[in-house]
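J.:
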Amino acid sequence: MRSVKKKKIDMENIIFTTLNTGYLLFLCIVMLYPMLNTLAVSFNDAMDTVRGGIYLWPRKFSLYNYYVVLNMDTIYKAFYISVTKTIVIVVTNLFFTSMLAYTLSRKEYVFRKFITTVFVITMYFNAGLIPNYMLIKSLGMINTFRVYWIPHIVSAFNLIVIRTYIKSIPESLIESARIDGAKEFRIYWQIVMPLIIPTLSTIALFVAVGSWNSWFDTFLYNSGKQELSTLQYELQKLLASTMNAG
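The numbering of the sequence shown is my numbering, which starts it at 1251 and goes up by one.
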């Protein structure tokens, strides 16, 4: 009787594993397909690409597209700006957001609910493009590198996520550190920070991808200063000029 049940369970596991594997392989193919198509187009002759169509292998192999891009002097400087911008935004956002999250997670902090509410409100209501531009201009950040990272020092959504994670840390651990004479910043840096690394790693990934893919902030705030142009903005201009030429 037991052997029959065991065989039944084993068969169910095999079916479940097979279906899951097939489903995940299908998702991988669906996600890889547009990437492979983009890669094939990049190695395809430009005139042939105009014909359109979806393909996974270049119809007319050519390196001219890469030759044109890599011979643009602005690309290398823009790449450096994009990398620097992404690193600065990730580091400052994680540091200041996690530090504020720790402060708002402390019950002894009187204004924690009020400040949390203020940040939550910003998730529902946006001031709009024109007021944001006027604010940035009044702060003197137009055509400066500061406009890339100062507005992103603290993220409301990331703040809520990190604060929730910090509140799950046993209070006895923090109280023990206080009894041993540790100040708040030392508790945050040496005790809380190592414990929230999984959350910070996930948030760092999202912040980095968002910063790297962003080109509209360059278009809106720094289009008047070529040396602050990002890689995404340069590629966007190249794409726009190609479409206009076509």
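By construction, the Cβ of each residue, glycine as well, lies at the ideal position given by its N, Cα and C atoms.
1) Please report the distance separating the alpha-carbon of M1322 from that of M1349.
2) Pull up the CB-CB distance for G1474 and N1376, whole angstroms please, since I reckon it's below 8 Å.
3) Can you find the residues in the same chain that come closer than 8 Å, C-beta to C-beta, to V1340, ignoring five residues on each side of it along the sequence?
4) Rounded to a whole number of angstroms, what is the C-alpha to C-alpha distance between N1472 and G1431?
5) By the 10 Å Cβ neighbour count, where 16 or more other Cβ atoms means buried, how is I1437 classified, buried or exposed?
6) According to DSSP, which residues form a beta bridge with N1294?
7) Within 10 angstroms of the Cβ of I1279, are there 16 or more other Cβ atoms? Answer buried if so, exposed if not.
8) If I'm right that N1315 touches A1296 with Cβ under 8 Å, what's the distance once you round it to whole angstroms?
9) Looking only at its chain, what residues have a beta carbon closer than 8 Å to the beta carbon of S1292, apart from the 5 residues adjacent to it on each side?
10) Among residues of its own chain, excluding the 5 on either side of S1355, which ones have a beta-carbon nearer than 7 Å to its beta-carbon?
11) I'd like the list of long-range same chain contacts for F1407, defined as Cβ closer than 7 Å, with 5 residues on each side in sequence excluded.
T.: With the structure as the only source:
1) 42 Å
2) Not really, about 25 Å apart at Cβ, beyond 8 Å.
3) A1454, V1457, A1458 and S1461
4) 48 Å
5) buried
6) F1311
7) exposed
8) 6 Å
9) N1315 and Y1316
10) R1413, I1416 and K1417
11) M1373
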